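Residues in the sequence shown are numbered from 1 upward in steps of one, following UniProt numbering.
Everything below concerns the one structure shown next.
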Amino acid sequence: IRYDDAYHYQRIFLPLIKQEADTDRKLKESQVYEHVMVRWDTGLNKRQIAYFVLPRVDVDAKIMPGDELRLSTLDRTWDAVGNVLKVPDNIGDELSLQLKLGTKNIPLDTSNGFRVECVWKSTSFDRMRNALTTFAIDSNCMSHYIYSTLLGYPMRETNTNRPVVLPRRITAPNLPELNSSQVSAVRIAIGSQISLIQGPPGTGKTVTSATLVYHLVKATRAKVLVCAPSNIAVDQLTEKIHKTGLKVVRVYSKSREVVESTVQFLSLHLQMLGNAELNKLQKLKGETGELSDKDERRYRSLRVQVEQELLSSADVVCTTCVGAGDPRIGKLKFRVVLIDESTQAIEPECLIPIVMGCKQLVLVGDHCQLGPVVMSKDVAAAGLSSSMFERLIALGLRAHRLQVQYRMHPILSAFSSNIFYEGSLQNGVSPVDRIMSEMEFPWPNIEKPMFFFNTCGSEELAGSGTSFLNRAEAQTVEKITTQLLKGGVKPEQIGIITPYEGQRSFLVQHMQSTGSLPIKLYQAIEVASVDAFQGREKDFVIMSCVRSNEHQGIGFLKDPRRLNVALTRAKYGLIIVGNAKILAKQPLWNHLLHHFAESGLLMDGPLTRLHPSTVDLPKLKRLHNPTPVGGRYLESTLLEAHSALMPGVESRRHNMVGGGHPLAHIDPMTLHDPVHAFYPDAIRRAAAATNMQMPACLLIPNMLTQEQFMPWMMVPGGRQADRGYSQGMSQGMSQGLSQASYNLSQNSGYMGNLSQGSDYSAQMSQGDYM
Numbered sequence: 001i002r003y004d005d006a007y008h009y010q011r012i013f014l015p016l017i018k019q020e021a022d023t024d025r026k027l028k029e030s031q032v033y034e035h036v037m038v039r040w041d042t043g044l045n046k047r048q049i050a051y052f053v054l055p056r057v058d059v060d061a062k063i064m065p066g067d068e069l070r071l072s073t074l075d076r077t078w079d080a081v082g083n084v085l086k087v088p089d090n091i092g093d094e095l096s097l098q099l100k101l102g103t104k105n106i107p108l109d110t111s112n113g114f115r116v117e118c119v120w121k122s123t124s125f126d127r128m129r130n131a132l133t134t135f136a137i138d139s140n141c142m143s144h145y146i147y148s149t150l151l152g153y154p155m156r157e158t159n160t161n162r163p164v165v166l167p168r169r170i171t172a173p174n175l176p177e178l179n180s181s182q183v184s185a186v187r188i189a190i191g192s193q194i195s196l197i198q199g200p201p202g203t204g205k206t207v208t209s210a211t212l213v214y215h216l217v218k219a220t221r222a223k224v225l226v227c228a229p230s231n232i233a234v235d236q237l238t239e240k241i242h243k244t245g246l247k248v249v250r251v252y253s254k255s256r257e258v259v260e261s262t263v264q265f266l267s268l269h270l271q272m273l274g275n276a277e278l279n280k281l282q283k284l285k286g287e288t289g290e291l292s293d294k295d296e297r298r299y300r301s302l303r304v305q306v307e308q309e310l311l312s313s314a315d316v317v318c319t320t321c322v323g324a325g326d327p328r329i330g331k332l333k334f335r336v337v338l339i340d341e342s343t344q345a346i347e348p349e350c351l352i353p354i355v356m357g358c359k360q361l362v363l364v365g366d367h368c369q370l371g372p373v374v375m376s377k378d379v380a381a382a383g384l385s386s387s388m389f390e391r392l393i394a395l396g397l398r399a400h401r402l403q404v405q406y407r408m409h410p411i412l413s414a415f416s417s418n419i420f421y422e423g424s425l426q427n428g429v430s431p432v433d434r435i436m437s438e439m440e441f442p443w444p445n446i447e448k449p450m451f452f453f454n455t456c457g458s459e460e461l462a463g464s465g466t467s468f469l470n471r472a473e474a475q476t477v478e479k480i481t482t483q484l485l486k487g488g489v490k491p492e493q494i495g496i497i498t499p500y501e502g503q504r505s506f507l508v509q510h511m512q513s514t515g516s517l518p519i520k521l522y523q524a525i526e527v528a529s530v531d532a533f534q535g536r537e538k539d540f541v542i543m544s545c546v547r548s549n550e551h552q553g554i555g556f557l558k559d560p561r562r563l564n565v566a567l568t569r570a571k572y573g574l575i576i577v578g579n580a581k582i583l584a585k586q587p588l589w590n591h592l593l594h595h596f597a598e599s600g601l602l603m604d605g606p607l608t609r610l611h612p613s614t615v616d617l618p619k620l621k622r623l624h625n626p627t628p629v630g631g632r633y634l635e636s637t638l639l640e641a642h643s644a645l646m647p648g649v650e651s652r653r654h655n656m657v658g659g660g661h662p663l664a665h666i667d668p669m670t671l672h673d674p675v676h677a678f679y680p681d682a683i684r685r686a687a688a689a690t691n692m693q694m695p696a697c698l699l700i701p702n703m704l705t706q707e708q709f710m711p712w713m714m715v716p717g718g719r720q721a722d723r724g725y726s727q728g729m730s731q732g733m734s735q736g737l738s739q740a741s742y743n744l745s746q747n748s749g750y751m752g753n754l755s756q757g758s759d760y761s762a763q764m765s766q767g768d769y770m
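Next comes the structure, spelled out in structure tokens:
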């Protein structure tokens, strides 16, 4: 988690970015559809739009609005590239593709025999590489404090800025009033050069971020760059910031300019049309397809001029992290940067806006929910799946947690709060606020609108061969959905989530083909993966767990962060459908099932005659650090975090929830996975791992070589060492993100009992800790 210098940082990340780009490219370019039927139409801007239906294939790389597709005839005599305007939600719905301006010889009289291919673009990876290069060669691309912190050497923060005077009441025009934890987060962020804000589900981090941006602009009189990894997150924050009265410009990529959004009127490309001359030339170009050489030169010159005027006069510029590398923004410097949903971005992605002159950085996110999506498993294991937010916490930076949730019925928030947030979440809504008295539904307990519906159906491989589905669960989900609709719940209020794309596709098809109500009702219900639902909410959520086997495990469901997301999407009611006997084999799920059972909400039987299940659940076992980095002990220090990495290290923390438990006489060969990365049994024996703030992906693939490990494991004579960490490691792990040197705090007074064994030393000499 530390680096010798910026070149070392660059050398670690560049290979990971290249391998991830190669994997992403293969996934995209593998999506080819032939014998597609096309329907032609003309859009409002007189561009041709192709409508067609693509077969439902549960692949990892999804087609998204703004993506480029290549449309061609099967004999390749004609082809063109366009941008996706809309992706269908239901079976049989058409995908719309707007062809590029100037596309010629379009076969409008042909509807059969077309081929559709996904076009891979390297833009995002190129911009990450550029940011890494800038970081390596230009130490002035950000403040020295941020520069040093990102390398892993947090300095004592000095107030180099002019004094900031804040109003007594931290509010922003047209936004809700903040609670005390939100106010505290805003005050701390305004006065800090780097600040981390943790926003658990439903705690109002978007409102907090918008209020913070408002006061940053007023206090610093500087232009603020607001980013997030996804366009949806940027649009949501842009909308809130605009309400405060600040002058906001939303910058979309060229490919996204054709996609409708709620804040499109704030977009750079539409605000530019306020210039009469540019608007006239734009319309002329749209009508004729091209301009004269003179008009084209004037059009391009005027476009650049108007772009820069709008960006320069804005209080806030909003774009995605990758969008911050757009050449249109590149000429500007931003001393204040806020990155929302930063825990869902890989670190080089966050670096793009930071290298644009950042002197004050705010990272907002929640490392107890799902992290970045990384396509390459090898790259994810090497560390790319860990966010900058997580690494800074592992370095000892404190995250300020928002503590009042306004989304869920209190009974729905209880488990997540207790397991993932040490019971610190308070409820900003009462049970009365979250009961729909007018609806009719057979809740086992009307005052506790949730239950686990036990099923025993079997899982099977989906058509792709890489995903799973469960027909019995799909039938149960359809019955529950139909009952909700009959009870007065609107389709838009219902969300159905599942960890598997195979089940998602099957659920859509099954409900629309077998549901007893009109098909339009089922089509209006959103069915999505758990991952896609992060940051979203619905009044009622039904979760299909899918996995049901005796020996193959529960796959995606093992990730505690995915469970946290799934449990925290519903406002009024939550129903989980799954095989309790199988799920209970996993300790965290066993805790959840006991939580349901103790409340009389673990149910069997038909929906209209539910009764408590007789399934025999295993005894509860103590959970050790079910959350990722920093999720349980935000006040842990760097020394304590790293001490948990070492086999056989004694735990001597006294500020742990529940107290520390020393480890003694532990064979290191049975404990070389102290953070529960691979071996479930090891974590239950390793109390030191409850100190752990570091995710497993920062530790693998390789740990120390024997030469690196032995000097501070041995003392002369070969006996066991009992010494403090007075000298830091000069070298870190041999591969991956975790190569950075540790250089642990000196004079810590921490004494660790390190033991060795011949088998262990032999394994370490191979440089492979797995």
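Glycine included, C-beta positions come from ideal geometry on N, C-alpha and C.
No experiment lies behind these values; they were computed from the predicted model shown.
Rounded separation between residue i and residue j - CA only
{"i": "M142", "j": "Q264", "result": "31 Å"}
{"i": "L216", "j": "A222", "result": "8 Å"}
{"i": "T514", "j": "K520", "result": "13 Å"}
{"i": "K571", "j": "T455", "result": "24 Å"}
{"i": "P647", "j": "S516", "result": "In this prediction, P647 scores a pLDDT of 34, lower than 50, which makes its location untrustworthy; no coordinate-derived value is stated."}
{"i": "E440", "j": "F451", "result": "16 Å"}
{"i": "P449", "j": "K247", "result": "43 Å"}
{"i": "K18", "j": "H591", "result": "41 Å"}
{"i": "M408", "j": "R471", "result": "30 Å"}
{"i": "G357", "j": "S180", "result": "32 Å"}
{"i": "D315", "j": "V224", "result": "6 Å"}
{"i": "R401", "j": "I346", "result": "21 Å"}
{"i": "G66", "j": "L557", "result": "31 Å"}
Where the beta strand (DSSP E) containing residue i begins and where it ends
{"i": "T498", "result": "I494 to T498"}
{"i": "K538", "result": "K538 to S544"}
{"i": "R115", "result": "F114 to C118"}
{"i": "residue 773", "result": "The requested residue 773 does not occur in the structure, where the chain is confined to residues 1 to 770."}
{"i": "R70", "result": "E68 to T73"}
{"i": "G82", "result": "D79 to K86"}
{"i": "F389", "result": "Unbroken run through F389 is the alpha helix (DSSP H), M388 to A394; no beta strand (DSSP E)."}
{"i": "K571", "result": "A570 to G578"}
{"i": "L602", "result": "L602 to D604"}
{"i": "A228", "result": "V224 to A228"}
{"i": "R39", "result": "V38 to T42"}
{"i": "residue 773", "result": "In the structure as shown, the chain starts at 1 and stops at 770, and residue 773 therefore has no counterpart that could be examined."}
{"i": "I106", "result": "Here I106 belongs to no beta strand (DSSP E), and DSSP marks it neither H nor E."}
CB contact flag (residue i, residue j, <8 Å)
{"i": "S255", "j": "E68", "result": "yes"}
{"i": "I446", "j": "I494", "result": "no"}
{"i": "F13", "j": "L150", "result": "no"}
{"i": "S437", "j": "L425", "result": "no"}
{"i": "K243", "j": "N174", "result": "yes"}
{"i": "V258", "j": "L338", "result": "no"}
{"i": "Q198", "j": "D366", "result": "yes"}
{"i": "C368", "j": "N130", "result": "no"}
{"i": "R86", "j": "S96", "result": "Looking at the sequence itself, residue 86 is Lys, so the reference to Arg does not match. Going by C-beta atoms, K86 is nearer than 8 Å to S96."}
{"i": "R569", "j": "E537", "result": "yes"}
{"i": "D235", "j": "S261", "result": "yes"}
{"i": "G371", "j": "Q405", "result": "no"}
{"i": "Q344", "j": "P518", "result": "no"}
Boundaries of the alpha helix (DSSP H) in which residue i is found, first to last residue
{"i": "Q308", "result": "D293 to S313"}
{"i": "I232", "result": "N231 to K243"}
{"i": "L27", "result": "A6 to E29"}
{"i": "Y145", "result": "H144 to L151"}
{"i": "C350", "result": "E347 to I354"}
{"i": "I188", "result": "S180 to I190"}
{"i": "L216", "result": "K205 to T220"}
Review point. Using 8 Å as the threshold, is the stretch 103-118 in touch with the stretch 316-332, meaning 3 or more CB pairs across them?
Key: Taking 8 Å as the limit for Cβ pairs, the verdict is that the stretch 316-332 does not touch the stretch 103-118.
Review point. With contact counted as at least three CB pairs below 8 Å, one residue from each stretch, are the stretch 524-539 and the stretch 494-504 in contact?
Key: Three or more Cβ pairs closer than 8 Å define a contact, and the stretch 524-539 meets that threshold against the stretch 494-504.
Point to revise | Ranges of the beta strand (DSSP E) found wholly within the stretch 382-455, counting only runs of at least 3 | key: Restricted to the stretch 382-455, the beta strand (DSSP E) segments that are unbroken, complete and at least 3 residues in length are 399-401 and 450-454, listed in chain order.
Point to revise | Touching by the beta-carbon criterion (3+ pairs, under 8 Å), the stretch 298-318 and the stretch 274-286 | key: Verdict: yes, contact present.
Practice item. Determine, using beta-carbon pairs with one atom in the stretch 456-463 and one in the stretch 480-499, whether at least three such pairs fall under 8 Å. Key: No, because fewer than three Cβ pairs between the stretch 456-463 and the stretch 480-499 fall closer than 8 Å, the two stretches do not touch.
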